[in-house]
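Some notes on the structure that comes next.
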Amino acid sequence: MFVDLVKIKVSSGKGGDGTVAFRREKFVPMGGPSGGDGGKGGNIIFVGREGLSTLIDLKYNKILRAEEGENGKPKKMNGASGNDLIVQVPVGTTIYDEDTDKVIGDITENEQQVMICRGGRGGRGNVKFTTSRNTAPEIAEKGEPGFTRLIRCELKVLADVGLVGLPSVGKSTMLSIVSNSRPKIASYHFTTLKPNLGVVRVEESRSFVMADLPGLIEGASLGQGLGLQFLRHIERTRVILHVIDMSGSEGRDPFTDYKVINNELASYKYDLLKRPQIIVANKMDIPGAEDNLEMFKLELDDEEIQIIPISAITSSGVQELLYKTMDLLENTKRFDLYDDEDYDQVVEYTFEANEELFEIHKGDDGIFDVTGIPLRKMFDMTDFSKDQSVKRFSRILRSLGIDAKLRDLGVKNGDTVRVFDFAFEFLD
């Protein structure tokens, strides 16, 4: 089964918790702290593999989770880091963040790696909180939570040349005679239900990859027919071969067919019409095709567009077409699909005075709520079952200026303040 679009949920591993532990040594207060750090959570990493041609493995794995880090141990022993989850995908796969529609990574090379979710760091054990004033701290951090995101994987075949056209114009037949590919060929519409790739050798040292794409119809750019499902596979091609049934064997007008497909390419994203295009006038062995070709040239009225008459059945004109295509490829650079603004930017939070590290608003119940993404990380890594950890978290709130901001908003001594799902009594 050919699968080129999947949506999955991925979660990196949570960091292991730091440990509160003490040595048992004579003359050392409480034995001395010996709690180790938690291990780092596993990352989610996507890797390109040339041997793969479909995303079917991801279709049946809707949730991917990396391994969590181990908790710290006594005797200053750190917990083991969680194993990274390596996900193999075909070369040509683009990964999007489904919520923002930004590109996380575009895999175009074999063995190329893209970090999708970074694992949470391990919490620090109580050894790391030892000071001259607190020689036996009962403070340890919880591990940083892993990162969860909904992603969309789209496979866009890596082909140099794309065959486009209405159904039954002879695209599959053409691919079969110029390469070793064996696409399904039949005398009815939409026999091609997935892209077929073939390597075309023009000379000993000159070759290119050609893709036969399922037939397009009017409205394809809006999802009609096989529409959007396969238009994406034209995106990476450098040259488009526009195949037209010049005989009009199905009662269609060749020039109307030409305009229909070009309108769909123009309506689709990535400026597909900016790619150089060769018109392939197919089925020239059928009576009436020569007259239709002359009428087509008069209506086209553009001498810069190359028109190559061929017959895929008899192979007439095919060799000339391949040489023209190879020459055009060698003078055409690859098109960049994505600009910098299309990519998802990874934000690393650093606690600087000029940053908005928190937000305060009054809830429906009259209690002031303190929130913020950077603050959330500190909250999640605090062990509220330990008094010293709670006091440390309170000091962090004060150092960030949250106490002063609450006073400015009218919070008084004894009022309740909620930090995420934990309620505090405000002490002035």
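In this text, residue positions in the sequence shown follow the numbering used here: the first is 24, and each later residue adds one.
Each residue gets a CB set at the ideal place from its N, CA and C atoms; glycine is no exception.
Within a 10 Å sphere around the beta-carbon of P277 sit 16 or more other beta-carbons, which makes this residue buried.
With 16 or more other Cβ atoms from the protein chains shown falling within 10 Å of its own Cβ, T196 counts as buried.
Taking V283 as reference, the option from K385, H265 and S270 with the minimal CA-CA separation is H265. Per the coordinates, the alpha-carbon of K82 lies some 22 Å from the alpha-carbon of G36.
Look at E132 here: in three-state DSSP terms it is coil, with no helix or strand label.
For K30, the enclosing beta strand (DSSP E) covers residues L28 to S34. Counting the other Cβ atoms within 10 Å of the Cβ of G389 gives fewer than 16, which makes it exposed. A distance below 7 Å separates the beta carbons of M233 and V223. As far as DSSP is concerned, E273 takes part in no beta bridge. The DSSP-derived three-state label of Y83 is coil. Taken atom to atom, the span from the alpha-carbon of G340 to that of F358 is near 29 Å. Looking at the DSSP output, I118 sits in a beta bridge with G128 and C176. Annotation: the continuous alpha helix (DSSP H) that includes K414 extends over D410 to S422. Straight through space, the alpha carbons of P397 and P218 are spaced by roughly 45 Å. For G193, the closest C-alpha among the options D350, S272 and G74 is that of S272. Contiguous beta strand (DSSP E) elements confined to the segment 255–323 occur at 262–268 and 300–305, taking only those with 3 or more residues. V112 sits away from N133, with the two beta carbons spaced by 7 Å or more. The Cβ-Cβ distance between G38 and K63 falls below 7 Å. Boundaries of the alpha helix (DSSP H) harbouring P397: I396 to D403, taken from the DSSP string.
With respect to the C-alpha of S228, the residue from V70, E353, E91 and G55 having the closest C-alpha is E353. Between the alpha carbons of G386 and H256 lies a gap of roughly 49 Å.
Scanning its chain for C-beta atoms nearer than 7 Å, with the 5 sequence neighbours on each side dropped, one finds around R147 the residues G41, D60, A163 and E164, in chain order.
A Cβ-Cβ separation of about 7 Å places F391 in contact with L432 under the 8 Å criterion.
Residue pairing by DSSP places K96 opposite M100 in a beta bridge.
Between the segment 115–130 and the segment 86–99, the count of Cβ pairs shorter than 8 Å is below three; the stretches do not touch. When secondary structure is reduced to three states using DSSP, N219 falls in the strand class.
Residues I68 and V70 of the same chain have their beta carbon placed closer than 7 Å to that of I109, with the five preceding and five following residues left out of the count. Counting C-beta atoms within 10 angstroms of its own C-beta, A312 has 16 or more neighbours from the protein chains shown and is therefore classed as buried.
Of all C-beta pairs linking the segment 327–337 to the segment 154–173, fewer than three are shorter than 8 Å, placing the two stretches out of contact. Remark: C-beta atoms of I383 and K428 approach each other more closely than 7 Å.
Beta-bridge analysis with DSSP links G185 to A234 and I263. Counting only residues of its own chain and dropping the five nearest sequence neighbours on each side, R46 has a CB closer than 6 Å to the CB of G54, G55 and S57.
For I425, there is no enclosing beta strand (DSSP E); the enclosing alpha helix (DSSP H) has its first and last residue at I425 to D431. Rounded to the nearest angstrom, the gap between the Cα atoms of K347 and E322 is 23 Å.
A straight-line Cα-Cα distance of about 37 Å links D235 and T171.
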